[in-house]
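In our numbering, the protein residues as written are 333 to 515.
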C-alpha cells in the first residue's frame, strides 16, 4: 500500500461529472450501411430513377450539396405515384400538361417527401426496429448530431442480422401463411 506524505492534500477539487458529457454511439450503427447514396434536390427524376435501379435501392435520401443535411427522401413509391397516376400524377397533368419527357427532367424536389422519418446514431437496434414497425416504412436514414446522414438502415439489414445474432434462420421467424391480393 502506498503512503501519502501527511503534508500533501489528497483532495483534488470537486468532482464535475457534467463537464465530461459523452454521447456514445448506439448499437444501430454496426447494422446500418454507412455508405449512403444521396442526391441533391436538383437531380433530375430520370437520373435518380436510373441511380436507384443501378444500385438496387428503393429509397434515395435528398441532401443539401454543401452541408450534406437531409432535406427529403425519394422512394420508388413516389416515382410510381408521379408517373403512374397517383396523387403526384397531377403535377404531370396540370403543370406539365401530360408531357412525360418534361416530367422525367423535373428535379427530385418536385416529388420528394420532405417530412422524413429518420433515426439517430445513438438509438439501439431495438429502437430502430420499433421505428420501422410503428411507422410502416421499409427503411430510414440515420442522422448524427449535426443532422447529417451517417447511415441508412432497412428491413434487409434486419433480415441479415437475425440469423447472425440468434443462430436461427429467418424462416423460423417468418409468417408462412401470407395474405396476397391480385391487382
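Glycine included, each C-beta is placed from N, C-alpha and C at the ideal position.
Asked: Touch check for the region 428-443 and the region 463-478: three-plus C-beta pairs under 8 Å?; Found: no
Asked: Please classify residue 506 as buried or exposed, where buried requires at least 16 other C-beta atoms within 10 Å of its C-beta.; Found: exposed
Asked: What's the C-alpha gap between residue 378 and residue 436?; Found: 5 Å
Asked: Would you say residue 362 and residue 394 are within 7 Å of each other, going by their C-beta atoms?; Found: no
Asked: Let me make sure I understand the geometry here. Which of 447, 376, 501 has the alpha-carbon closest to that of residue 438?; Found: 376
Asked: How long is the line joining the alpha carbons of residue 483 and residue 511, rounded to whole angstroms?; Found: 33 Å
Asked: By DSSP, does residue 536 sit in helix, in strand, or in coil?; Found: Since the displayed the chain opens at 333 and closes at 515, residue 536 lies outside it and no answer follows.
Asked: Pull up the distance between the alpha-carbon of residue 398 and that of residue 455, whole angstroms please.; Found: 26 Å
Asked: Check for me: the alpha helix (DSSP H) holding residue 391 runs from which residue to which?; Found: From DSSP, residue 391 is part of no alpha helix (DSSP H) but of the beta strand (DSSP E) over 391-395.
Asked: Under a Cβ-count criterion, where at least 16 other Cβ atoms within 10 Å of its own Cβ denotes burial, should residue 451 be classed as buried or exposed?; Found: buried
Asked: Quick one: is residue 391 buried, meaning 16 or more other Cβ sit within 10 Å of its Cβ, or exposed?; Found: buried
Asked: By the three-class DSSP mapping on this structure, what secondary structure does residue 448 have?; Found: coil
Asked: Taking just the CA atoms, how far does residue 421 sit from residue 355?; Found: Per-residue confidence for residue 355 stands at a pLDDT of 48, beneath the threshold of 50, marking its modelled position as unreliable; no derived number is given.
Asked: Given this structure, state the Cα-to-Cα distance separating residue 449 from residue 499, to the nearest angstrom.; Found: 31 Å
Asked: Ordered along the chain, which non-local residues of its own chain (more than five positions away) have a Cβ less than 8 Å from that of residue 446?; Found: 403, 404
Asked: Which one of 492, 489, 480 has the shortest CA to CA distance from residue 519?; Found: In the structure displayed, the chain extends from 333 to 515; residue 519 sits before or after that span and is not available.
Asked: So the candidates are 508, 486, 444, 458; which of them puts its Cα closest to the Cα of residue 414?; Found: 444
Asked: Need the endpoints of the beta strand (DSSP E) that residue 369 sits in, please.; Found: Element bounds for residue 369: n/a, residue is neither H nor E.
Asked: Quick one, which of 360, 513, 383 has its alpha-carbon nearest residue 369's?; Found: 383
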